[in-house]
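Chains as they are written, first to last, in my numbering: chain A, 480 to 961; chain B, 54 to 304.
Every residue gets a Cβ at the ideal spot worked out from N, C-alpha and C, and that includes glycine.
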Amino acid sequence: MSVETENLEQLVNRRYAHGFVTDIASEGLPPGLNEDVVRAISALKQEPEFLLEWRLRAYRQWLEMTEPEWAHVHYPRIDYNSISYYSAPKSDKDRPQSLEEVDPKLLETYDKLGIPLHERARLAGVAVDAVFDSVSVATTFKKKLSEAGVIFSSFSDAVREHPALVKKYLGSVVPQRDNYFAALNSAVFSDGSFVYIPKGVRCPMELSTYFRINAANTGQFERTLIIADEGSHVSYLEGCTAPMRDENQLHAAVVELVALDDAEIKYSTVQNWYPGDENGVGGIYNFVTKRGDCRGTNSKICWTQVETGSAITWKYPSCILRGDNSVGEFYSVAVANNYQQADTGTKMIHIGRNTSSTIVSKGISAGHAQNAYRGLVRVMPQASSARNHTQCDSLLIGKDCGAHTFPYMEIRNPSARIEHEATTSKISADQMFYCRQRGISEEDAVNMIVNGFCKEVFNELPMEFAVEAQALLNVSLEGAVG
Amino acid sequence: MLKIRNLDASIGDTQILRGLSLNVNAGEVHAIMGPNGSGKSTLAQVIAGHDDYVVTGGSITFKGEDLVPLAPEARAREGIFLGFQYPVEIPGVNNAYLLKAAVNAKRKHQGLGEIDAFEFLKLAREKMTMLDMDPKFLHRGVNQGFSGGEKKRNEILQMAMLEPELAILDETDSGLDIDALKAVAGGINALRDPARAIILVTHYQRLLDYVEPDHIHVLSEGRIVRSGDKSLAHELEDKGYEWLQDIASAG
Numbered sequence: 480m481s482v483e484t485e486n487l488e489q490l491v492n493r494r495y496a497h498g499f500v501t502d503i504a505s506e507g508l509p510p511g512l513n514e515d516v517v518r519a520i521s522a523l524k525q526e527p528e529f530l531l532e533w534r535l536r537a538y539r540q541w542l543e544m545t546e547p548e549w550a551h552v553h554y555p556r557i558d559y560n561s562i563s564y565y566s567a568p569k570s571d572k573d574r575p576q577s578l579e580e581v582d583p584k585l586l587e588t589y590d591k592l593g594i595p596l597h598e599r600a601r602l603a604g605v606a607v608d609a610v611f612d613s614v615s616v617a618t619t620f621k622k623k624l625s626e627a628g629v630i631f632s633s634f635s636d637a638v639r640e641h642p643a644l645v646k647k648y649l650g651s652v653v654p655q656r657d658n659y660f661a662a663l664n665s666a667v668f669s670d671g672s673f674v675y676i677p678k679g680v681r682c683p684m685e686l687s688t689y690f691r692i693n694a695a696n697t698g699q700f701e702r703t704l705i706i707a708d709e710g711s712h713v714s715y716l717e718g719c720t721a722p723m724r725d726e727n728q729l730h731a732a733v734v735e736l737v738a739l740d741d742a743e744i745k746y747s748t749v750q751n752w753y754p755g756d757e758n759g760v761g762g763i764y765n766f767v768t769k770r771g772d773c774r775g776t777n778s779k780i781c782w783t784q785v786e787t788g789s790a791i792t793w794k795y796p797s798c799i800l801r802g803d804n805s806v807g808e809f810y811s812v813a814v815a816n817n818y819q820q821a822d823t824g825t826k827m828i829h830i831g832r833n834t835s836s837t838i839v840s841k842g843i844s845a846g847h848a849q850n851a852y853r854g855l856v857r858v859m860p861q862a863s864s865a866r867n868h869t870q871c872d873s874l875l876i877g878k879d880c881g882a883h884t885f886p887y888m889e890i891r892n893p894s895a896r897i898e899h900e901a902t903t904s905k906i907s908a909d910q911m912f913y914c915r916q917r918g919i920s921e922e923d924a925v926n927m928i929v930n931g932f933c934k935e936v937f938n939e940l941p942m943e944f945a946v947e948a949q950a951l952l953n954v955s956l957e958g959a960v961g
Numbered sequence: 054m055l056k057i058r059n060l061d062a063s064i065g066d067t068q069i070l071r072g073l074s075l076n077v078n079a080g081e082v083h084a085i086m087g088p089n090g091s092g093k094s095t096l097a098q099v100i101a102g103h104d105d106y107v108v109t110g111g112s113i114t115f116k117g118e119d120l121v122p123l124a125p126e127a128r129a130r131e132g133i134f135l136g137f138q139y140p141v142e143i144p145g146v147n148n149a150y151l152l153k154a155a156v157n158a159k160r161k162h163q164g165l166g167e168i169d170a171f172e173f174l175k176l177a178r179e180k181m182t183m184l185d186m187d188p189k190f191l192h193r194g195v196n197q198g199f200s201g202g203e204k205k206r207n208e209i210l211q212m213a214m215l216e217p218e219l220a221i222l223d224e225t226d227s228g229l230d231i232d233a234l235k236a237v238a239g240g241i242n243a244l245r246d247p248a249r250a251i252i253l254v255t256h257y258q259r260l261l262d263y264v265e266p267d268h269i270h271v272l273s274e275g276r277i278v279r280s281g282d283k284s285l286a287h288e289l290e291d292k293g294y295e296w297l298q299d300i301a302s303a304g
């Protein structure tokens, strides 16, 4: 342990009663947010001075900011002092000891999604030593990556093992004061993923949070940083189709991507946080800031997301097309059922010359849900010959739901070529009757039509993910018709 | 096979079928003709079980079973096929996918396992050759961007794959050029079978030059006003529908 962190610990110990740090390591921090809490988190994670300072700056900026209200979502005010900002990992004895102790309803859903048996135990949070297989798989995986020179670790490990890289890139895409939730995340982030692909390396496999060592309990304020050095290529999969439950209602993650010259990052997400029950009670508030910086020439960043979970989703994965000839893509399927609210979309900021961006957004609303697409295409004066194509389709199932489209365009260079297409459709009675006359049940017919509607986005997902995403959509819309 | 007795059916507050009776046996081909608005398409939709239509009187039985309480998908699995006048587009849904789902829904109902992917493709290609259809159609969205003729051929393809016991073809000849009409008629004739009944709903006798019906019925104001053999079609062609309406109002 460095002298620096020792001093910090002393500081923390002085401010709290003696022995408090060990208590919070096992019990978590009491609810509340102030500078001491930020210091305690940093000390617990034995972080270097620069990171503590960084967190504190973020915290002070957050204090001066106000919660945004422009999104098309409604929720009761969040009391930030009622949240605990560090929760201890659950010990094995508090977890279910076998699948027999797990909620049968959850297991039924795993079944519908076709999740392999050995994965179910892990997903349901069964005690670690009861989960077989995963350790050896992860070890093989890590070995292969290190041979290629790829760094893939938890954020905390990266801070310890690669502080220079973290210091150089952290906050370089999403600055601390970027927005209210990003500032909060910067102050109190718990853990997350770190990826570095060295020059000219094509990452030998798809990176998935599933295989990250020490992935347990990254908590509600996740932080991810991915750097693709010159000429490198990486495909990263985030999330999981299995329903994720969490006692923490507020989730505010930050994801930063940096692509240098000729590098390519493909970031795919399947988000299935607990959406609340059919009456809209409970459910996760998911306020995420995701942004990619195409910093180098000929770089490319592609976001693909399938969003089915959460009570509220507030999320705009974006691309800053800084390098000449850089390419940004955004493919999204957002499903909102029952009382879910989603306000999601993207921002494409064209700065370099000959930059191009593609946006394909598919919003599906059912039940009483509200689904909004919000997208910005900005072409800066110096961005000559910029191109954008936006396609934004909404599908309504039932008569009590809503779809909203908010496209913003700021074009400050006359050579830009911008295309925008938007459609809103309903699953028509004619389509339903046609399928049913062919012997297909109502539910299967809806699934078929919805999957057809989403096809362009699913095509962008890695094969295995696409199959899971399709199954997930079917489960999410169960009971939406009839 | 199909017995319709004194059938009354309405859409909203409008009664369309008024005491219609019809008997169709296995192996027979019936043509239902009549002027626009006489209730031809309604009859097809009611047999298939469209929700918009309400049966207010009379009965429909299929293989001795009361059809009225059955959902459209249940009727389809029992062997009733409706070839649509205006087949709907389903963007993004692969034609082959829909076809396979339909075949499997029926097989499941019959207690059979799912069709093998290879076997399915082989079968589909065979039927498409017969209908002079480009195999590429299998991998396009259902009816998406199809011409009128392509849509109708696609309906016949579905019928050929599903091998229904009762096929009702609603205005399958409308909007077809002569080559498409011949291909479609060829497809229908290939499916004539002692175990299968076919009902052709048509405004013109043109299709009947290629698919020869055993019986022709003329509909007017929601009931059958005249039945006969294929010579009735020619009589109609000569005298026009007005002649029949006179009979109907007189009768």
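What residues in its chain sit with their C-beta under 6 angstroms from that of residue i, if we drop five residues either side in the sequence?
i: tyrosine 538 of chain A; result: Val517 and Ala666
i: leucine 531 of chain A; result: Ser521
i: asparagine 926 of chain A; result: Asn953
Between the C-alpha atoms of residue i and residue j, what's the straight-line distance to the nearest angstrom?
i: serine 563 of chain A; j: methionine 942 of chain A; result: 38 angstroms
i: arginine 245 of chain B; j: isoleucine 133 of chain B; result: 15 angstroms
i: alanine 738 of chain A; j: cysteine 781 of chain A; result: 11 angstroms
i: alanine 286 of chain B; j: aspartate 262 of chain B; result: 10 angstroms
i: glycine 117 of chain B; j: serine 94 of chain B; result: 23 angstroms
i: cysteine 773 of chain A; j: isoleucine 838 of chain A; result: 16 angstroms
i: asparagine 196 of chain B; j: leucine 151 of chain B; result: 11 angstroms
i: isoleucine 744 of chain A; j: isoleucine 843 of chain A; result: 27 angstroms
i: glutamine 699 of chain A; j: glutamine 819 of chain A; result: 19 angstroms
i: valine 652 of chain A; j: glycine 881 of chain A; result: 33 angstroms
i: glycine 202 of chain B; j: proline 886 of chain A; result: 39 angstroms
i: lysine 794 of chain A; j: lysine 189 of chain B; result: 39 angstroms
i: leucine 96 of chain B; j: histidine 829 of chain A; result: 59 angstroms
i: phenylalanine 634 of chain A; j: glutamine 655 of chain A; result: 17 angstroms
Tell me which same chain residues have a C-beta within less than 7 angstroms of the C-beta of residue i, skipping the five on either side of it?
i: proline 547 of chain A; result: Asn658 and Tyr659
i: lysine 678 of chain A; result: Asp708, Glu709, Gly710 and Ser711
i: valine 680 of chain A; result: Ala627, Gly628, Val629 and Ser711
i: lysine 159 of chain B; result: Arg130 and Leu215
Just checking: is the beta-carbon of residue i within a distance shorter than 8 angstroms of some beta-carbon in chain B?
i: serine 840 of chain A; result: no
i: methionine 927 of chain A; result: yes
i: glutamine 910 of chain A; result: yes
i: glutamine 916 of chain A; result: yes
i: lysine 934 of chain A; result: yes
i: tyrosine 913 of chain A; result: yes
i: isoleucine 919 of chain A; result: yes
i: aspartate 923 of chain A; result: yes
i: serine 844 of chain A; result: no
Residues bridged to residue i by DSSP?
i: phenylalanine 766 of chain A; result: A/Trp793
i: isoleucine 277 of chain B; result: B/Leu272
i: lysine 56 of chain B; result: B/Asn76 and B/Thr114
i: valine 432 of chain A; result: Residue 432 of chain A cannot be examined here, being either before or after the span of chain A that is shown, 480 to 961.
i: tryptophan 782 of chain A; result: A/Tyr746 and A/Phe809
i: serine 844 of chain A; result: A/Ala815 and A/Leu875
i: aspartate 822 of chain A; result: A/Trp793 and A/Ala851
i: isoleucine 133 of chain B; result: B/Leu219
Could you give the C-beta distance for residue i and residue j, rounded to a whole number, given that I count them as a contact under 8 angstroms?
i: threonine 869 of chain A; j: histidine 847 of chain A; result: With 8 angstroms as the limit, threonine 869 of chain A and histidine 847 of chain A do not qualify as a contact, their Cβ atoms being about 28 angstroms apart.
i: glutamine 422 of chain A; j: glycine 771 of chain A; result: In the structure displayed, chain A extends from 480 to 961; residue 422 of chain A sits before or after that span and is not available.
i: glutamine 211 of chain B; j: alanine 155 of chain B; result: 7 angstroms
i: serine 863 of chain A; j: asparagine 817 of chain A; result: At roughly 47 angstroms, the Cβ-Cβ gap does not stay under 8 angstroms, so serine 863 of chain A and asparagine 817 of chain A are not in contact.
i: alanine 732 of chain A; j: glutamate 786 of chain A; result: Contact flag wrong, Cβ pair sits at about 13 angstroms.
So that I know if they touch, is there some Cβ in chain A lying closer than 8 angstroms to that of residue i?
i: glutamine 211 of chain B; result: yes
i: arginine 276 of chain B; result: no
i: leucine 70 of chain B; result: no
i: leucine 151 of chain B; result: yes
i: arginine 279 of chain B; result: no
i: valine 141 of chain B; result: yes
i: proline 266 of chain B; result: no
Within a Cβ cutoff of 8 angstroms, which residues of the same chain sit near residue i, ignoring the five residues on either side of it in sequence?
i: histidine 83 of chain B; result: Leu75, Val77, Ala250, Ile251, Ile252, Leu253, Pro266, Asp267, His268, Ile269 and His270
i: tyrosine 106 of chain B; result: Ala62, Ser63, Ile64, Ile69, Thr95, Gln98 and Val99
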